[in-house]
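Structure first, then comments.
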Amino acid sequence: MTGQLVLIGSVGVLAAGTFAFRFAGPALRPRIATRPWMERTMASAAVILLTALVGTAALTEGHDLAGVARPTGVVVAGLLAWRKAPFVVIVLSAAATAAGLRLLGVP
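Going from the sequence shown to this note's numbering is simple: count from 1 and add 25.
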């Protein structure tokens, strides 16, 4: 149960962070003058932060390592996001992958 709460909390933080980044960019762009290297650095930092958050949530369950099903679902989601699939397709594919593997008995 604790692992599920951590996962739900991690997904909530990821969703809030993603929304904040997407909202703040267009809202603040006309008000702040930045240099191109600074924009690249901030974009890279956002990707690194979100990747670390997803990796931590996907690979751990409480204080232990998670099984194979959850990380595999996250990899499927990552590949679909990289291919620019619609968000709904990404989420449903990741959930179906993890659920299917668990149904087959894969931890």
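From the three backbone atoms N, C-alpha and C, an ideal C-beta is built for every residue, glycine too.
Keep in mind that this is a model prediction, so the values were computed, not measured.
**Report entry** the stretch 108-125 in contact with the stretch 75-87 per 3-pair CB rule at 8 Å
**Finding:** no
Query - R95 - containing alpha helix (DSSP H), residue span - result: 94-107
Query - 7 Å Cβ shell around A71 - same chain, five flanking residues per side excluded - result: F46
Query - Other residues of its chain near A94: CB distance less than 7 Å, five sequence neighbours each side excluded - result: A123, L126, R127, V131, P132
Requested in this report: Kindly list the residues whose CB is nearer than 7 Å to the CB of I2, restricted to its own chain and excluding five residues on each side of it in sequence; keep chain order.
Outcome: Outside the displayed span of the chain (26 to 132) sits residue 2, for which this structure offers no information.
**Report entry** Segment limits, alpha helix (DSSP H) that includes I73
**Finding:** 61-84
Requested in this report: Grab the span of the alpha helix (DSSP H) containing G125 for me, first residue to last.
Outcome: 112-128
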